[in-house]
Amino acid sequence: MGRLEQTVRSIAVRALAARLVLLVAAATALAAVGFGFAPPVAAVVGWLAVSAAALASCSPAGDEPEPQEQEREPSENAADFGDLPRFLDEIDLAVYLLAADGSVLFQNRSASSTFGSFPLGSHISARMRAPGVLDIIRDTLANGHTNQIEYSERLPSERVYLVRVAPVAGGADDTPVFMLVLRDISEARRIDRMRSDFVANASHELRTPLASLRGYIETLQGPAKNDTKAQERFLPIMLDQATRMSRLVDDLMSLSRLEAKAHLSPEQQVTLNTLLEHVRDGLLPLAEDLNVAINLFLPEQQVTVNGDNDELLEVFENLIENACKYGAEGGRVDVYLKAREDGAAEVSVVDYGPGIPAEHVPRLTERFYRVSVADSRSKKGTGLGLAIVKHILSRHRSRLVVKSAVGKGTTFTVRF
């Protein structure tokens, strides 16, 4: 009878433990949802809590648990939160658990590596000094409200964080506990700025020729309707403006297409000797108009690389055409193809023109960046050529190196 009573008591204890497990799992999942995690992620967190608690309660009541041969050391900053610190240490967000007075009870590995580790029990203001962040922390500690703010740092580098603070379940003695999470959104903000700048620049570049076309069309429809000389003067200008817009749209489409497949490396075999000869032959009429000689220096052996033939053709057309246009006063453009001992290939395009001031060199591949706006437009440039070159070479896992000295010319080197 005593044995039956013990068994019943054991079953009752396990049933109670199971209910507690489910409650903990539900509370954990709800807390995760309230903190901003997606429902599927919250469900996984709850399931992990169920698994951890079930493992802890799987031995019969009154039995001594078997000792573990190897026990994983919890985070050095872990307070008495059971297995929660182990879960939080695997998250790539900076996470702090705070007491009601703002002292730090726990910080995960990501927080320690990002903001530096400091002793438990220190007030959060010892690490977070931004007034806006401290304000939302104080409000949450006082009123239990969930708060969120964007916080940016200038030094040592510009970083932007989405800071969120919210109440969570109590600690071991049911004291209030609050969670502070910092998510790095610097890259997202940088992309947003680039997108905004790109749209603004593209709109500006299209607005100028459109305004010009509209003015000429209105003139030809009005005062110059029957003026043959005005028509002969305006129509070629209108054609130039329309051609400029067409080139700009083509370049924008090329950039969009390259960005869509930036993660795919080309696998074709391209012989650079033949490709460079083809580019030189295609640019000879332009070079003759500019009184520039294009000289190819090719090795005897064939140099082959993995790549997309059409894209590499566009790269070297851009580089050699720019050298002819902007280095025309030097009278020649030299193109060198080298096969290095390590098996890599290198193509250098050298002009002997006015050169580029050092402060402009790092920004040459930015979209719509021009050393001289007037000079670029007079040579019918769109400001996107080198940006396209950079994207193509990035897809080919190659590099573009620019060296220039004022008065001595410029060298663009592609290293495969």
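Residue numbers (mature numbering (1 follows the signal peptide of the UniProt record, and there is no 0)): -31 to -1, 1 to 385.
By construction, the Cβ of each residue, glycine as well, lies at the ideal position given by its N, Cα and C atoms.
| Asked | Found |
| --- | --- |
| PRO326 Cβ short of 7 Å to the ligand NAP heavy atom set | Among the components of this structure there are no ligands whatsoever, and the ligand NAP is therefore not found. |
| Contiguous alpha helix (DSSP H) assignments of at least 4 residues, all confined to the stretch 259 to 296 | 278 to 295 |
| Contact set for HIS92: own chain, Cβ-Cβ below 6 Å, skip 5 residues either direction | GLY71 and SER72 |
| Beta carbon of VAL239 nearer than 8 Å to that of VAL274 | yes |
| ALA111 - DSSP class collapsed to helix/strand/coil | helix |
| Residue from ARG368, TYR185 and ALA135 whose Cα sits closest to the Cα of residue 386 | With the chain represented from -31 up to 385, any question about residue 386 goes unanswered, as that position is not in the structure. |
| GLY354 to GLU201 span [Cα, whole Å] | 32 Å |
| Per-residue burial, GLU290 [other beta carbons within 10 Å of its own, 16 or more giving buried] | buried |
| Endpoints, beta strand (DSSP E) assigned at MET148 | 146 to 153 |
| Distance CB(ALA314)-CB(VAL358) smaller than 8 Å | no |
| Euclidean distance between Cα positions of GLU236 and LEU189 | 53 Å |
| Alpha carbon of PHE84 to alpha carbon of GLY322, nearest angstrom | 49 Å |
| 6 Å Cβ shell around MET207 - same chain, five flanking residues per side excluded | LEU182 and TYR185 |
| Residues that ASN116 bridges to, as DSSP identifies them | VAL134 |
| First through last residue of the alpha helix (DSSP H) which encompasses residue 431 | This structure cannot speak to residue 431, because the chain is shown only from -31 to 385. |
| C-alpha gap between THR197 and GLU187, whole angstroms | 15 Å |
| ASP61, buried or exposed, once every other Cβ within 10 Å from all chains shown has been counted against 16 | exposed |
| Cβ neighbours of HIS360 in the same chain (closer than 8 Å, five flanking residues each side left out) | LEU224, LEU227, GLU228 and ALA231 |
| Identified DSSP bridge partners for TYR65 | GLN76 and LEU149 |
| Simplified DSSP assignment, three categories, for GLU122 | strand |
| Nonlocal neighbours in the same chain, by C-beta distance under 6 Å from ILE263, ignoring five residues either side | ARG249, ALA256 and VAL302 |
| When LEU131, PHE75 and GLN270 are compared against GLU122, the one with the closest alpha-carbon | LEU131 |
| Residue 395 burial status per 10 Å Cβ neighbour count (16 or more: buried) | An answer regarding residue 395 cannot be provided, because it is not within the stretch -31 to 385 covered by the chain. |
| Endpoints, the beta strand (DSSP E) within which LEU306 is located | 301 to 308 |
| Outcome for LEU179 when other beta-carbon atoms lying within 10 angstroms are tallied against a minimum of 16 | exposed |
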